[in-house]
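**Q**
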């Protein structure tokens, strides 16, 4: 900016070329680390409102250059992603890869790709979305009232450019997070909106706009804070009195209204409120896990394992889960009796689980399906020995065993490997394999399966491996495994109808296998009017004792808010829990320190609305992301037109000279 000769006026001129201070290159990644502290395991959610301040400072105190902005933003992204997703490095131990090799060959390149999106945001923010940032008007040799009037006019002009930048930056951030979640390396975890979970008030807006669009408010607020602080400082220097930051006040009002409305929505969809409604079905559910490492297939006699999980050598993994389930039933019965005797005035009625959920890794054997008839093929099943396959003929044995152990009939949900078999008896493994959820009704006479549709990159498929073959070769040499040629994605959009054991009522199951409970736009297609429950089976043992499971469970809570459906989830070495339609955890299997790595069970009564309808997000999906894309284009268009017009003038003058 350069002052004119006329008092009280100013004009904007190109920024002078100067080197970026060395500490800017350190401040940017440090800001990314601060942002990561807003998420689990640190969970300092208040930081989400200010974490972008260091990046905005380094972007807007130097020259408005695309490449400079991209590099600073990329460093911010590396600080953020490498900190919040550091648990990904644990998978190297599972594959017996040296930690340094895995970090250098896999983790850092993946984080570098994700950080490019933040770099693109920073490049545009530093140039096309840059506010005016004027140093203020020249008011020398003026009376105080004249100075005050001129500075007030300057402040309103600065507020206008601040609002344009705030809207543009926030809308663009929503877009880059959506691209991260839906691109080739789709990964939707820990968007800024997820940091608004604490208190549940702000999170309720996901019902209308989806989780990705929740990031708009904290980014918008951060830009307003930065520009308002700068404006007040300059105003104080100019007239020895700080001006009122009206844009900041208006933002506080918006935040207060958003919080108040969200708090009302949270209470309306809370378990306590729903249980009082006549239309609410009370569904007892239980999730069970034995908390075994990925390399372990049978339980041992470790003193760290609860007594009812200790088994004899040779007990199959399936048998361990069945024994643990029956023991959990007995424990629930005993707890109910003790509570009823202690508080007879409460009139407690025993409600044993009618749905039992086992993790993705619970079955120690695959199931086989005939490709011509579509029917499952079965054989003898002995849960106390290692099994080769599991199918319809084995189900009577399951029923018999449950009856012998004194357990009631229940619907079982568990993860299985589903393998296709040709009519000639040739199996198509590994090219005909699905990662599926098996739904076994309470009579144990049939099986319904649904296959995972959103496959895990680098775990279940290799991106670009079909067009770039050396990627598969390199990956196999590093990990010692073949990935990408076996598991196929499923299809379909119909929920699974399940009859509640002992009743005639039916509930639709919205299936979510593995990290599909973090993909909002996938589950929307299963939404139907009426009673529905999201059922998730996961296996977080790939990431050992990391925070992966806790982050996934937090992410899953936003699916309940988006669709206003309850959820029950079983996650080996993750968080087994039940979640209400407002995203609150009804019960979660956690240690005293809040970590999820605990064997046992989670039991809860799910409130299921028989008249559940459609949320705005369920109907329109990511409509808010499209709106943000349009907002970003509109706010960038003045600078784009200005740059285009200046180039046209330069070109015309150059032609005239020639």
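Residue numbers (this note's numbering): 7 to 664. Ideal placement from N, C-alpha and C gives every residue a C-beta, glycine not left out. Only a predicted model underlies this, so the values are computations on that prediction, with no experimental measurement involved.
(1) Would you list, in sequence order, the uninterrupted alpha helix (DSSP H) runs of no fewer than 4 residues that lie entirely inside the stretch 92-170?
(2) Could you round the C-beta distance between residue 64 and residue 33 to whole angstroms and report it? I think they count as a contact, below 8 Å.
(3) Report, in whole angstroms, the separation of the C-beta atoms of residue 575 and residue 547, which I expect to be a contact under 8 Å.
(4) So, is residue 592 buried or exposed, given that buried needs 16 or more other C-beta atoms within 10 angstroms?
(5) Taking 7 Å as the threshold (C-beta atoms), are residue 608 and residue 622 in contact?
(6) For residue 536 and residue 570, what's the separation of their Cα atoms in angstroms?
(7) Are there 16 or more other CB atoms within 10 angstroms of the CB of residue 217, so buried, or fewer, so exposed?
(8) Report the residue from 644, 444, 214 and 225 whose alpha carbon sits nearest the alpha carbon of residue 271.
(9) Please confirm whether residue 45 and residue 95 have their CB atoms less than 7 Å apart.
(10) Would you list, in sequence order, the uninterrupted alpha helix (DSSP H) runs of no fewer than 4 residues that lie entirely inside the stretch 172-222?
(11) Can you check DSSP and say which residues form a bridge with residue 443?
(12) Please list, in chain order, all residues of the same chain as residue 154 whose beta carbon is under 7 Å from its beta carbon, the five residues on each side excluded.
(13) Tell me the residue span of the alpha helix (DSSP H) that contains residue 369.
(14) Can you give the Cα-Cα distance for residue 257 and residue 133, rounded to whole angstroms?
(15) Spell out the partners DSSP gives residue 576 in its beta bridges.
(16) Inspect the CB distances between the stretch 601-619 and the stretch 271-291 and report whether three or more fall short of 8 Å.
(17) In whole angstroms, give me the CA-to-CA distance for residue 319 and residue 325.
(18) Is the CB-CB distance between residue 262 and residue 230 below 7 Å?
(19) Taking the alpha carbon of residue 327 as the point to measure from, which residue in 159, 421 and 346 has its own alpha carbon closest?
(20) Indicate the three-state DSSP secondary structure (helix, strand or coil) for residue 56 in the structure shown.
(21) What is the DSSP secondary structure of residue 254, reduced to helix, strand or coil?
(22) Is residue 294 buried or exposed, if buried means 16 or more other CB atoms sit within 10 Å of its CB?
(23) Quick one: measure Cβ to Cβ for residue 75 and residue 131, integer angstroms, because I've assumed they're closer than 8 Å.
(24) Among all the DSSP beta bridges, which residues are the ones paired with residue 84?
(25) Using CA atoms only, rank isn't needed, just tell me which of 515, 27, 206 and 563 is closest to residue 502.
(26) Between residue 361 and the rest of its own chain, which residues show a CB-CB distance below 6 Å, the 5 nearest in sequence each way excluded?
(27) Put residue 601 into one of helix, strand or coil per three-state DSSP.
(28) Would the stretch 47-62 count as touching the stretch 191-205 if we require 3 or more Cβ pairs under 8 Å?
(29) Could you say which of 466, 346 and 359 lies nearest to residue 333 if we only look at CA atoms?
(30) Looking at the secondary structure, which residues open and close the beta strand (DSSP E) in which residue 289 lies?
(31) Taking all protein chains shown into account, decide if residue 307 is buried (16 or more other Cβ within 10 angstroms of its Cβ) or exposed.
(32) Report whether the distance from the Cβ of residue 564 to the nearest heavy atom of the ligand FMN is below 6 Å.
(33) Near residue 312, what residues of its chain come up, given a Cβ to Cβ distance below 7 Å and the 5 sequence neighbours on each side ignored?
(34) From residue 647 to residue 167, what distance separates their C-alpha atoms?
(35) For residue 415, tell me which candidate among 338, 499 and 508 has the shortest Cα-Cα distance.
(36) For residue 629 and residue 179, I'd like the C-alpha separation in whole angstroms.
**A** Quick answer:
(1) For secondary structure counted as the alpha helix (DSSP H) over 4 or more consecutive residues, the stretch 92-170 holds these complete runs in sequence order: 96-100, 105-108 and 114-132.
(2) In the chain shown, the residue the question calls residue 64 occupies position 58. In the chain shown, the residue the question calls residue 33 occupies position 27. That pair is a contact at about 6 Å.
(3) In the chain shown, residue 575 corresponds to position 569, counting from 1. In the chain shown, residue 547 corresponds to position 541, counting from 1. Going by Cβ atoms, the distance from residue 575 to residue 547 rounds to 15 Å, so no, they are not a contact pair.
(4) In the chain shown, counting from the first residue as 1, residue 592 sits at position 586. Residue 592 should be labelled buried.
(5) Taking the chain shown and counting its residues from 1, the one referred to as residue 622 is at position 616. Taking the chain shown and counting its residues from 1, the one referred to as residue 608 is at position 602. Cβ atoms of residue 622 and residue 608: not closer than 7 Å.
(6) Position 530 of the chain shown, counted from the first residue, corresponds to residue 536. Position 564 of the chain shown, counted from the first residue, corresponds to residue 570. Distance between the alpha carbons of residue 536 and residue 570 is about 11 Å.
(7) Counting from one through the chain shown, the residue named residue 217 turns up at place 211. Taking a 10 Å sphere around the C-beta of residue 217, we find 16 or more other C-beta atoms and assign the residue as buried.
(8) Here residue 271 refers to the residue found at position 265 of the chain shown. For the set 644, 444, 214 and 225, the Cα lying nearest the Cα of residue 271 is the one of 214.
(9) Your numbering for residue 45 matches position 39 in the chain shown. Your numbering for residue 95 matches position 89 in the chain shown. Cβ distance not < 7 Å, so residue 45 and residue 95 don't count as in contact.
(10) Runs of the alpha helix (DSSP H) lying entirely within the stretch 172-222 and spanning at least 4 residues, in chain order: 212-215.
(11) Mapped onto the chain shown, residue 443 falls at position 437. Note: residue 443 sits in a beta bridge opposite 421 and 456.
(12) In the chain shown, residue 154 corresponds to position 148, counting from 1. Cβ within range, chain order: 245.
(13) Numbered from its first residue, the chain shown carries residue 369 at position 363. Where residue 369 is concerned, there is no enclosing alpha helix (DSSP H), given that its DSSP letter is neither H nor E.
(14) By 1-based counting over the chain shown, the position of residue 257 is 251. By 1-based counting over the chain shown, the position of residue 133 is 127. C-alpha separation (whole angstroms): 24 Å.
(15) Numbered from 1 along the chain shown, position 570 holds the residue referred to as residue 576. Note: residue 576 sits in a beta bridge opposite 543.
(16) Inter-segment contact for the stretch 601-619 and the stretch 271-291 is present: three or more beta-carbon pairs are separated by less than 8 Å.
(17) Position 313 of the chain shown holds residue 319. Position 319 of the chain shown holds residue 325. Only weak support exists for where residue 319 lies, its pLDDT of 42 falling under 50; the coordinates are left without a value.
(18) Numbered from 1 along the chain shown, position 256 holds the residue referred to as residue 262. Numbered from 1 along the chain shown, position 224 holds the residue referred to as residue 230. No; because the gap between Cβ atoms is not below 7 Å, this pair is not in contact.
(19) By one-based count along the chain shown, residue 327 stands at place 321. Checking every option, the nearest Cα to that of residue 327 belongs to 421.
(20) Counting from one through the chain shown, the residue named residue 56 turns up at place 50. Here residue 56 sits in coil by DSSP.
(21) Translated into the one-based positions of the chain shown, residue 254 becomes position 248. Reduced to three states, the DSSP call for residue 254 is helix.
(22) Working through the chain shown from its first residue, we reach residue 294 at position 288. Residue 294 comes out buried.
(23) To locate residue 75, count along the chain shown from 1; it is residue 69. To locate residue 131, count along the chain shown from 1; it is residue 125. That belief holds up - the Cβ atoms of residue 75 and residue 131 are roughly 7 Å apart, short of 8 Å.
(24) For the purposes of this step, residue 84 is identified with residue 78 of the chain shown, where counting begins at 1. Paired residue(s): none; residue 84 is not in a bridge.
(25) For the purposes of this step, residue 502 is taken as the residue at position 496 of the chain shown. When 515, 27, 206 and 563 are compared, the shortest CA-CA separation from residue 502 is found for 515.
(26) For the purposes of this step, residue 361 is taken as residue 355 along the chain shown, with counting starting at 1. Correct list, in chain order: 291 and 417.
(27) Position 595 of the chain shown, counted from the first residue, corresponds to residue 601. Coil at residue 601, not helix or strand.
(28) Enough Cβ pairs lie closer than 8 Å, so yes.
(29) As a first step, residue 333 must be located in the chain shown, where it is residue number 327. Per the C-alpha coordinates, the member of 466, 346 and 359 positioned closest to residue 333 is 359.
(30) Counting from one through the chain shown, the residue named residue 289 turns up at place 283. Counting along the chain, the beta strand (DSSP E) containing residue 289 begins and ends at 286-295.
(31) Mapped onto the chain shown, residue 307 falls at position 301. Residue placement at residue 307 is flagged as unreliable, the pLDDT there being 40, under the threshold of 50; a coordinate-derived value is accordingly withheld.
(32) No copy of the ligand FMN occurs in the structure displayed, which carries no ligand at all.
(33) Position 306 of the chain shown, counting from 1, holds the residue named residue 312. At residue 312, the pLDDT of 47 sits below 50, so the modelled position is not reliable and the matter cannot be decided from this model.
(34) As a position in the chain shown, residue 647 is number 641, starting the count at 1. As a position in the chain shown, residue 167 is number 161, starting the count at 1. Roughly 16 Å separates the two Cα atoms.
(35) Numbered from 1 along the chain shown, position 409 holds the residue referred to as residue 415. Of all alpha-carbon atoms in 338, 499 and 508, the one lying nearest the alpha-carbon of residue 415 is that of 508.
(36) The residue labelled residue 629 in the question sits at position 623 within the chain shown. The residue labelled residue 179 in the question sits at position 173 within the chain shown. Those two C-alpha atoms are separated by around 15 Å.
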